[in-house]
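Here the structure is laid out as structure tokens; the discussion comes afterwards.
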Amino acid sequence: MAAILSVSGSPSATSRTARLLRHLDDRLRLQGHQVTSLEVRTLPPGALLGADFRHPAVAAATELFEQADGVVIGTPVYKAAYSGLLKSLLDLLPQYALTGKTVLPLATGGSTAHVLAIDYALRPVLSSMGAAHIVPGWFTLDQDITVGADGTLNVAPGSAEALDQVTDRFSAVLGGRPAEPAVAK
301 MAAILSVSGS
311 PSATSRTARL
321 LRHLDDRLRL
331 QGHQVTSLEV
341 RTLPPGALLG
351 ADFRHPAVAA
361 ATELFEQADG
371 VVIGTPVYKA
381 AYSGLLKSLL
391 DLLPQYALTG
401 KTVLPLATGG
411 STAHVLAIDY
421 ALRPVLSSMG
431 AAHIVPGWFT
441 LDQDITVGAD
451 GTLNVAPGSA
461 EALDQVTDRF
471 SAVLGGRPAE
481 PAVAK
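Count along the sequence shown from 1, add 300, and you get the number used in this note's numbering.
Below you can see the structure in the form of structure tokens.
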């Protein structure tokens, strides 16, 4: 199956965005894909902000993009756009780092006022980087993502269903197995 790079552009160590991505990563693995996670916040700040293309961590991140067949890009929305942390990484990648890749853009935010951030802020950048196919993404409200006392992720039913659909569409484009239907409990 496909090699997928799952990128979290959240600067927070307790990020709902990152937790949501890891949840979707598990779904993609169940569909037969090899998924590698990249938390942009773990890259050296000096390398990101100083545009150090040669820093070993930046070179390793670039290599992960090169090896991927598909890329999931997840970001919190701030000021109606994707995170500055994600922008710092995207700026360091080669101009056409997404050439031939299928990309799934995802965003989280506190208000439906930011729902178009995927289409008006993120999608143009991904397209300019040569993405072969940008599948329809999804914006999830922060209030729809909760973490239980035991650390389990809970996604509100409507959002969970929509996320499953966009994730499955992305997987299908990459040749993944169909998702198993949810079993009622």
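Glycine included, C-beta positions come from ideal geometry on N, C-alpha and C.
What residues in its chain sit with their C-beta under 7 Å from that of residue i, if we drop five residues either side in the sequence?
i	result
A357	L343, P344, A347
S471	L328, Q331, H333
D325	S306, V335, S337
D442	R316, T408, G409, G410
Checking 9 Å against the spacing of the C-beta atoms, do residue i and residue j come in under that value?
i	j	result
M403	I434	Note that residue 403 corresponds to Val in the displayed sequence, not to Met. For V403 and I434, yes; Cβs fall inside 9 Å.
A407	T317	yes
G370	L474	yes
T336	A368	yes
R469	M301	no
L392	F439	no
A417	A381	yes
L385	S310	yes
For residue i, count neighbouring Cβ atoms within 10 angstroms of its own Cβ and tell me buried if that reaches 16, exposed if not.
i	result
G448	exposed
K379	exposed
G410	exposed
T452	exposed
P405	buried
K485	With a pLDDT of only 40 at K485, under the threshold of 50, the placement of this residue in the model should not be trusted, and no figure is reported.
Below 8 Å CB to CB, which residues in the same chain sit around residue i once its five sequence neighbours on both sides are set aside?
i	result
L338	L305, S306, V307, S308, A361, L364
S312	A318, R341, P376
H414	V377, A380, A407, F439
A458	This sequence places Gly at residue 458; Ala is not what is there. D444, listed in sequence order.
Report, in whole angstroms, the separation of the C-beta atoms of residue i and residue j, which I expect to be a contact under 8 Å.
i	j	result
S401	A432	Sequence inspection shows Lys at residue 401; the Ser mentioned does not correspond to that position. Confirmed, Cβ separation roughly 6 Å.
G437	L398	Contact flag wrong, Cβ pair sits at about 14 Å.
Quick check: is any heavy atom of the ligand MN less than 8 Å from the C-beta of residue i?
i	result
P424	The model depicted lacks the ligand MN and carries no ligand whatsoever.
Give me, in chain order, the residues of the same chain whose beta-carbon lies closer than 6 Å to that of residue i; leave out the 5 immediate sequence neighbours on both sides.
i	result
S388	L348
field: Cβ pair count under 8 Å reaching 3, the region 370 to 378 against the region 320 to 328
entry: yes
task: Evaluate contact between the region 415 to 428 and the region 455 to 465, counting only Cβ atoms and requiring at least three cross-stretch pairs below 8 Å.
output: no
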